[in-house]
Amino acid sequence: MIKLRAGIVLIENEKILLIHHNLSIRMYKPHYKNSNVIKDYWVFPGGEVLHGETLEACAKRETLEETGIVVEIGPLLFFGETIWPDGNRHIVNFFFAAKRINGEVIKPKQPLPDEKFDMPSFVPLSKINEITLLPDIKTYIKRIYEGEKFRRVYLKNMWKDIST
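See the structure below:
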(Lines of atoms letter the chains of each structure in order from A and count residues from 1; the text may use other names and numbers.)
(Lines give C-alpha, C1' and ligand atoms only; values in the text may rest on other atoms or scores of the structure.)
Protein backbone atom coordinates (compact mmCIF):
# COMPACT_ATOMS: atom_id res chain seq x y z
CA MET A 1 0.00 0.00 0.00
CA ILE A 2 1.27 3.47 -0.85
CA LYS A 3 1.27 5.94 2.03
CA LEU A 4 1.14 9.71 1.72
CA ARG A 5 3.31 11.93 3.91
CA ALA A 6 3.13 15.72 4.19
CA GLY A 7 5.98 17.74 5.65
CA ILE A 8 7.12 21.31 5.96
CA VAL A 9 10.21 23.34 5.25
CA LEU A 10 10.44 26.15 7.81
CA ILE A 11 13.47 28.44 7.60
CA GLU A 12 13.92 31.29 10.10
CA ASN A 13 16.99 33.40 10.80
CA GLU A 14 19.25 31.19 8.66
CA LYS A 15 18.10 28.05 10.53
CA ILE A 16 15.84 25.20 9.43
CA LEU A 17 13.38 23.34 11.66
CA LEU A 18 14.27 19.62 11.81
CA ILE A 19 13.69 16.64 14.09
CA HIS A 20 16.58 14.47 15.24
CA HIS A 21 16.15 10.68 15.33
CA ASN A 22 18.19 7.75 16.55
CA LEU A 23 16.71 4.72 14.80
CA SER A 24 17.33 1.07 15.45
CA ILE A 25 18.16 -0.47 12.06
CA ARG A 26 16.30 -3.67 13.02
CA MET A 27 13.08 -1.68 12.79
CA TYR A 28 13.41 -1.69 9.01
CA LYS A 29 15.89 -4.55 8.57
CA PRO A 30 14.87 -7.33 10.99
CA HIS A 31 17.52 -9.60 9.47
CA TYR A 32 20.29 -7.12 10.31
CA LYS A 33 23.00 -9.07 12.15
CA ASN A 34 24.06 -6.41 14.63
CA SER A 35 20.84 -5.49 16.43
CA ASN A 36 22.65 -2.79 18.43
CA VAL A 37 23.26 -0.61 15.37
CA ILE A 38 21.73 2.82 15.82
CA LYS A 39 21.69 5.42 13.08
CA ASP A 40 21.56 9.12 13.70
CA TYR A 41 19.63 11.29 11.24
CA TRP A 42 17.34 14.29 10.87
CA VAL A 43 13.90 14.64 9.23
CA PHE A 44 11.49 17.42 8.39
CA PRO A 45 8.42 17.84 10.59
CA GLY A 46 5.54 15.94 9.03
CA GLY A 47 3.87 12.59 8.87
CA GLU A 48 1.29 10.28 7.40
CA VAL A 49 -1.88 11.74 5.90
CA LEU A 50 -4.99 10.38 7.62
CA HIS A 51 -8.06 9.24 5.68
CA GLY A 52 -10.14 12.31 4.79
CA GLU A 53 -7.34 14.73 5.70
CA THR A 54 -5.82 17.17 3.21
CA LEU A 55 -2.07 17.35 2.69
CA GLU A 56 -2.00 20.86 4.16
CA ALA A 57 -4.04 19.85 7.23
CA CYS A 58 -1.71 16.91 7.79
CA ALA A 59 1.40 19.09 7.56
CA LYS A 60 -0.05 21.55 10.10
CA ARG A 61 -1.20 18.81 12.50
CA GLU A 62 2.05 16.86 12.39
CA THR A 63 4.17 19.99 12.83
CA LEU A 64 2.18 20.99 15.92
CA GLU A 65 2.33 17.44 17.36
CA GLU A 66 6.06 17.00 16.73
CA THR A 67 7.35 20.49 17.48
CA GLY A 68 4.72 22.55 19.33
CA ILE A 69 4.77 25.14 16.55
CA VAL A 70 1.64 26.36 14.75
CA VAL A 71 2.40 27.02 11.09
CA GLU A 72 0.78 28.59 8.09
CA ILE A 73 1.23 26.35 5.07
CA GLY A 74 2.64 27.97 1.95
CA PRO A 75 3.13 26.64 -1.56
CA LEU A 76 4.08 23.09 -2.44
CA LEU A 77 7.86 23.08 -2.93
CA PHE A 78 8.58 19.55 -4.10
CA PHE A 79 7.44 15.97 -3.88
CA GLY A 80 9.04 12.59 -4.31
CA GLU A 81 8.83 8.95 -3.39
CA THR A 82 10.65 6.79 -0.88
CA ILE A 83 10.58 3.15 -1.96
CA TRP A 84 12.42 0.61 0.18
CA PRO A 85 14.67 -1.70 -1.87
CA ASP A 86 12.61 -4.76 -0.91
CA GLY A 87 9.42 -3.00 -2.04
CA ASN A 88 7.72 -3.45 1.34
CA ARG A 89 7.28 0.27 1.96
CA HIS A 90 6.33 2.99 -0.48
CA ILE A 91 5.76 6.57 0.64
CA VAL A 92 4.94 9.61 -1.48
CA ASN A 93 6.31 12.72 0.28
CA PHE A 94 4.97 16.27 -0.22
CA PHE A 95 6.98 19.22 1.13
CA PHE A 96 5.38 22.63 1.68
CA ALA A 97 6.92 25.96 2.58
CA ALA A 98 5.76 27.03 6.03
CA LYS A 99 5.79 30.09 8.25
CA ARG A 100 5.62 30.06 12.05
CA ILE A 101 2.42 31.63 13.38
CA ASN A 102 2.80 30.75 17.06
CA GLY A 103 4.55 28.46 19.49
CA GLU A 104 8.00 27.40 20.61
CA VAL A 105 9.84 24.12 20.08
CA ILE A 106 8.78 21.42 22.57
CA LYS A 107 9.64 17.76 23.07
CA PRO A 108 7.22 15.30 21.39
CA LYS A 109 4.73 13.54 23.65
CA GLN A 110 5.59 9.92 22.94
CA PRO A 111 8.31 8.33 20.79
CA LEU A 112 7.68 5.16 18.83
CA PRO A 113 9.05 1.85 20.16
CA ASP A 114 12.67 1.32 19.05
CA GLU A 115 12.97 4.98 18.16
CA LYS A 116 14.37 7.91 20.12
CA PHE A 117 13.21 11.41 19.25
CA ASP A 118 15.46 14.16 20.44
CA MET A 119 14.07 17.60 20.85
CA PRO A 120 13.15 19.19 17.52
CA SER A 121 15.41 22.13 16.83
CA PHE A 122 16.37 24.84 14.42
CA VAL A 123 19.59 23.71 12.74
CA PRO A 124 21.86 26.40 11.27
CA LEU A 125 21.85 26.16 7.48
CA SER A 126 25.63 26.49 7.66
CA LYS A 127 25.73 23.04 9.35
CA ILE A 128 23.34 21.22 7.01
CA ASN A 129 26.15 19.42 5.17
CA GLU A 130 27.35 17.95 8.48
CA ILE A 131 24.14 16.02 9.21
CA THR A 132 22.34 13.06 7.64
CA LEU A 133 19.08 14.51 6.34
CA LEU A 134 16.30 12.19 5.17
CA PRO A 135 15.22 12.50 2.52
CA ASP A 136 18.54 13.93 1.38
CA ILE A 137 17.32 17.12 -0.27
CA LYS A 138 20.01 19.51 0.98
CA THR A 139 20.59 20.90 -2.51
CA TYR A 140 16.94 21.96 -2.82
CA ILE A 141 16.91 23.48 0.67
CA LYS A 142 19.92 25.64 -0.20
CA ARG A 143 18.24 26.75 -3.43
CA ILE A 144 15.07 27.71 -1.55
CA TYR A 145 17.04 29.64 1.06
CA GLU A 146 18.98 31.49 -1.62
CA GLY A 147 15.65 32.62 -3.06
CA GLU A 148 15.87 30.69 -6.30
CA LYS A 149 12.54 30.46 -8.03
CA PHE A 150 11.90 27.09 -9.60
CA ARG A 151 8.95 25.02 -10.64
CA ARG A 152 7.73 22.37 -8.29
CA VAL A 153 10.15 19.51 -8.55
CA TYR A 154 9.46 15.77 -8.63
CA LEU A 155 12.43 14.24 -6.84
CA LYS A 156 11.80 10.63 -7.94
CA ASN A 157 12.86 7.83 -5.56
CA MET A 158 14.59 9.41 -2.56
CA TRP A 159 15.55 6.15 -0.80
CA LYS A 160 18.87 6.37 1.01
CA ASP A 161 20.33 3.37 2.84
CA ILE A 162 21.83 4.54 6.13
CA SER A 163 22.45 1.06 7.52
CA THR A 164 26.06 0.85 6.39
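The opening position of the sequence shown corresponds to residue 1 in the UniProt record's numbering, with each subsequent residue numbered one higher.
Even glycine gets a Cβ: it sits at the ideal position worked out from N, Cα and C.
The model shown is predicted, which means the values in this text are computed figures rather than measured ones.
Contained beta strand (DSSP E) runs [length at least 3] in the stretch 85-146, N- to C-terminal order: Counting only runs of 3 or more, we get 90-102, 115-117, 121-124.
Assigned exposure category for L50 - 16 Cβ within 10 Å defines buried: Exposed, since its Cβ has fewer than 16 Cβ neighbours within 10 Å.
Rounded straight-line distance, which links the Cα of P120 to that of T67: A straight line joining the alpha-carbon of T67 with that of P120 spans about 6 angstroms.
N13 to F122 span [Cα, whole Å]: The straight-line gap from Cα to Cα measures roughly 9 angstroms.
Which of helix, strand or coil DSSP assigns to E14: Residue state for E14 is assigned as coil, using DSSP reduced to three classes.
Buried versus exposed call for K103 [16 or more other C-beta atoms within 10 Å across all chains shown]: The sequence shown places Gly at residue 103, rather than the Lys named in the question. By the 10 Å Cβ count, G103 comes out exposed.
Sub-8 angstroms separation of I2 and A98 beta-carbons: For I2 and A98, no; Cβs fall outside 8 angstroms.
Helix, strand or coil at L50 [DSSP, three-state]: Looking at L50 - three-state DSSP - the assignment turns out to be coil, as it is neither helix nor strand.
For W42: DSSP bridge partner residues: H20, L133.
Closest by C-alpha distance to F78, when choosing among K15, I128, L55, H90: Looking at K15, I128, L55, H90, the one whose alpha-carbon comes closest to that of F78 is L55.
Selected residue, minimal CA-CA separation from L10, among L125, K156, R89: Of the candidates L125, K156, R89, the one whose C-alpha sits nearest the C-alpha of L10 is L125.
Status (buried if at least 16 other CB within 10 Å, exposed otherwise) for N93: Under this definition N93 is a buried residue.
For E65, the first and last residue of its enclosing alpha helix (DSSP H): Boundaries of the alpha helix (DSSP H) around E65: 55-67.
Close Cβ partners of C58 (< 6 angstroms) along its chain, the five nearest in sequence each way excluded: Same-chain partners within the cutoff: A6, V49.
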